[in-house]
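**Q** Protein chains in written order, with the working numbering: chain E, -2 to 337; chain D, -2 to 337.
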DNA sequence: ATTCTTTGCTTAAACGTTTAAGCAAGTGTT
DNA sequence: AACACTTGCTTAAACGTTTAAGCAAAGAAT
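#1: Looking only at its chain, what residues have a beta carbon closer than 8 Å to the beta carbon of residue 333/E, apart from the 5 residues adjacent to it on each side?
#2: At a Cβ threshold of 7 Å, is residue 92/D touching chain E?
#3: With a 10 Å radius around its C-beta and 16 neighbouring C-beta atoms as the bar for buried, classify residue 132/E as buried or exposed.
#4: On a CA-only basis, which of 142/D, 242/D, 228/D is nearest residue 219/D? Give me that one, please.
#5: List the residues of chain E whose Cβ lies closer than 7 Å to the Cβ of residue 257/D, in chain order.
#6: Within the chosen definition, does the region 11 to 20 of chain E reach the region 78 to 89 of chain D through at least 3 CB pairs nearer than 8 Å?
#7: Give me the chain E residues within the contact set of residue 279/D, using Cβ-Cβ distance strictly less than 7 Å, ordered along the chain.
#8: So, do the region 315 to 328 of chain D and the region 286 to 295 of chain D have three or more beta carbon pairs nearer to each other than 8 Å?
#9: Relative to the C-alpha of residue 224/D, which residue among 213/D, 259/D, 147/D is closest?
#10: Using the Cα positions of residue 130/D and residue 151/D, report the straight-line distance between them to the nearest angstrom.
#11: Is the beta carbon of residue 199/D less than 7 Å from the beta carbon of residue 165/D?
#12: Closer than 7 Å, Cβ to Cβ, to anything on chain D: give me those residues from the region 68 to 83 of chain E, in chain order.
#13: With the cut-off set at 7 Å, would you say residue 278/E and residue 110/E are in Cβ contact?
#14: Between the alpha carbons of residue 330/D and residue 250/E, how many angstroms are there, rounded?
#15: Which residues of chain E have a Cβ atom closer than 8 Å to the Cβ of residue 48/D, listed in chain order?
#16: Using a Cβ cut-off of 7 Å (strictly closer), state whether residue 55/D contacts chain E.
#17: Strictly below 7 Å CB to CB, what residues from chain E border residue 110/D?
#18: Mark residue 210/E as exposed unless 16 or more other C-beta atoms lie within 10 angstroms of its C-beta, in which case mark it buried.
#19: When you compare only the Cα positions, how much space is there between residue 55/D and residue 69/D?
#20: Measure the C-alpha to C-alpha separation of residue 314/E and residue 308/E and round it to an integer number of angstroms.
#21: By Cβ distance, which residues of its chain are closer than 8 Å to residue 44/E, with the 5 residues on each side in sequence left out?
#22: Tell me the residue span of the alpha helix (DSSP H) that contains residue 270/E.
#23: Against residue 95/E, what residues of chain D qualify as contacts under a CB-to-CB distance less than 9 Å, listed in chain order?
#24: Listing by chain order, which chain D residues have their CB less than 7 Å from the CB of residue 244/E?
#25: Spell out the partners DSSP gives residue 159/E in its beta bridges.
#26: Indicate the three-state DSSP secondary structure (helix, strand or coil) for residue 5/E in the structure shown.
#27: Mapping the DSSP letters down to three states, classify residue 172/D as helix, strand or coil.
#28: Which same chain residues end up closer than 7 Å to residue 337/D when comparing Cβ atoms and leaving out the 5 residues on each side of it in sequence?
#29: Using 10 angstroms around the beta-carbon of residue 31/E, count the other beta-carbons present and answer buried if the total reaches 16, otherwise exposed.
#30: Assign residue 127/E to one of two classes, buried (16 or more other C-beta atoms within 10 Å of its C-beta) or exposed (fewer than that).
#31: Threshold first: 3 residues or longer. Then list the beta strand (DSSP E) segments lying entirely within the region 185 to 250 of chain E, N to C.
#32: Check each candidate in 57/E, 139/E, 52/E, 79/E and name the one with the smallest Cα separation from residue 63/E.
#33: Pick helix, strand or coil for residue 146/D, following the three-state DSSP scheme.
#34: Could you check which residue in 180/E, 75/E, 254/E has the C-alpha nearest to that of residue 298/E?
#35: Mind checking which residues open and close the beta strand (DSSP E) that includes residue 290/E?
#36: Would you list the one or two residues that DSSP bridges to residue 182/D?
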């Protein structure tokens, strides 16, 4: 059904080699006769020839394919990233295969081997917890990869991530400038470095402003019991004396879930409680009080990750680690516009 | 670096054929000696053999890959679908390559040929407007595919979609039962059949309840100027005498954008105006008045689409067209709980 | 008239698999 | 002792490309 080089060769009455040269524009170097070039091109057009990329890949060892491994492609954050990576990859004729690890290292490892068997040229990975072995495997085998969003602090590897510390620091500093003194934070109880960095930024902002870093103000909850644990955390915040007057949520899911409960409690944002969230979502606009949030530079993430990866694929360059700056999008929920 | 069948064969001192038989579990049919089987398996383990899927694909003509073509993978609707399709495909050892068409038939066509060159075994497609040629091409070439979410009314092709007519009919009927008499709808000005069906359901609900289907009540706007046009539409609704007392938005973006403007206008939902939206998003929960919406059966969409596609890949079965039922999730925004 | 170059093509091997066909022993049957 | 089966392996071609190497014919140089 589908025409191959052989079909064109037969039709024109020449060898497949000659056809290959012409199709790939090597007619000059290979000194193919003008008339022959025309006949082959004509035949190719008539047969609607489309090269078999699989055969090409087998020969060349390159598939022009990127494996994109994330926690969950249905999470807006990763879905947005996927789109940017797709567009960026397309510019260099790459396509993207994705896989969701659901935050478990086993799934991530399985995904990686599946994609490796499919000979992807490289990976863009948002690593799960306990994925050191996986990353080291890639390094040993010299397989190009770039970590995105998250990274492992002591592993020298390419990554494109946020300056999480500074992002959190700035967010909390804003709340302090707006007069809040009892600032809570609800983070995941996780070993993911980027989330710990956000906690560190929170603490440092308090410290630098001579506020006490009280353990009850930094609640670490289970992702598996997000809804229940967030309620508990907020309840304990309100039970304090004096109660918390501001909350910083360092992820989109935390923010959204937290806001739902705040709405159920009929708390007034920002009067009863100020809020700063993380990541961008429509939900922040629809809340009765527009939410102040930390915006990650998604486009830069995707663009830089692909660029870095492709550079690594074509020549194993040395390691690049990028910590990009977040933007604090200030709106009503953080309580009063900051001076500036 | 990576071990091949040949490496194993060399190490054991046998032919690659024998190794292939053992690796693929054909040792019984092929009467391979017990001791030999053990030696080959051992060598494979020691060399950490992983089959080259590209070579397999070239031989078999099957890539175990599905092409998933959508308007925009960063749209929650498609991102959710992607995740379900991924999981479902994984069960049968398939992987998914995705591509975003941005609603233009040229992009969709290009994507299709790129993926065809990569020899995907089949497609799951949410077709754009004017994609008849593309669909017909697939049919002529006998390439398995399943349309999802959208379909072309007169083209006999597999699809998994919503019963859009009924979903809209039910949504609008609810508003009528709740006492609304001036019900507006804001749809895209598009030839996409599934959206037209939603308009049809709207009109029919009005008609069956002896309400006049006035053109001013059904505004068709440009997706490219979503924000401006929605404002204009809502303004014209409010200028009517008597003004509109309920709005039905037949997509998630329309709903979210509409709600933003409603909030800016400080209209009270549902007292000033009742709202029924489409699709599921966190934003509906965070609005001060929880939004009633039409929930599409995403899991069933994905599951059925993959199932259908795989059935078509292994044996060209006859055409299946599924119109699944939506669920109306009733909350406060539609104005008063319905009787029942 | 012989050799050297250039032109324009072909041959053949390779990428890593799969699989039909073949073949040399050993075993069993008569 | 001759034959047929069975066992356990190998050979070789194929999938659709790419590309180094080779070669015949024509033209140019001596």
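Quick reminder that beta carbons are idealized off the backbone N, C-alpha and C, glycines included.
**A** If we stick to the structure as given:
#1: Contacts found: 175, 176, 267.
#2: yes
#3: buried
#4: Closest by alpha carbon: 228/D.
#5: Neighbours of residue 257/D in chain E, taken as residues at a C-beta separation under 7 Å, are given in chain order as 282, 283.
#6: Verdict: no, contact absent.
#7: 253, 278, 280
#8: yes
#9: Comparing Cα positions, the closest option is 259/D.
#10: Looking at the two C-alpha atoms, the distance is approximately 13 Å.
#11: yes
#12: 69, 70, 71, 73, 76, 77, 79, 80, 83
#13: no
#14: 24 Å
#15: 114
#16: yes
#17: For residue 110/D, the chain E residues whose C-beta falls within less than 7 Å of its own C-beta are 47, listed in chain order.
#18: exposed
#19: For residue 55/D and residue 69/D, the distance between alpha carbons rounds to 31 Å.
#20: In this model, residue 314/E and residue 308/E are separated by some 7 Å (Cα to Cα).
#21: 0, 4, 5, 8
#22: Neither: residue 270/E is in no alpha helix (DSSP H) and is coded neither H nor E.
#23: 70, 79, 83, 92, 93, 94, 95
#24: The contacting residues do not exist; residue 244/E stays about 15 Å from chain D at best.
#25: 321/E
#26: In the structure shown, residue 5/E sits in a helix (DSSP, three-state: H, G or I).
#27: helix
#28: With a pLDDT of 35 at residue 337/D, under the threshold of 50, the modelled position of this residue cannot be trusted; read the value that follows with caution. Nothing meets the Cβ criterion.
#29: exposed
#30: exposed
#31: 215 to 218, 243 to 245
#32: 79/E
#33: In the structure shown, residue 146/D adopts extended strand secondary structure according to DSSP, grouped into three states.
#34: 75/E
#35: 289 to 292
#36: 215/D, 245/D
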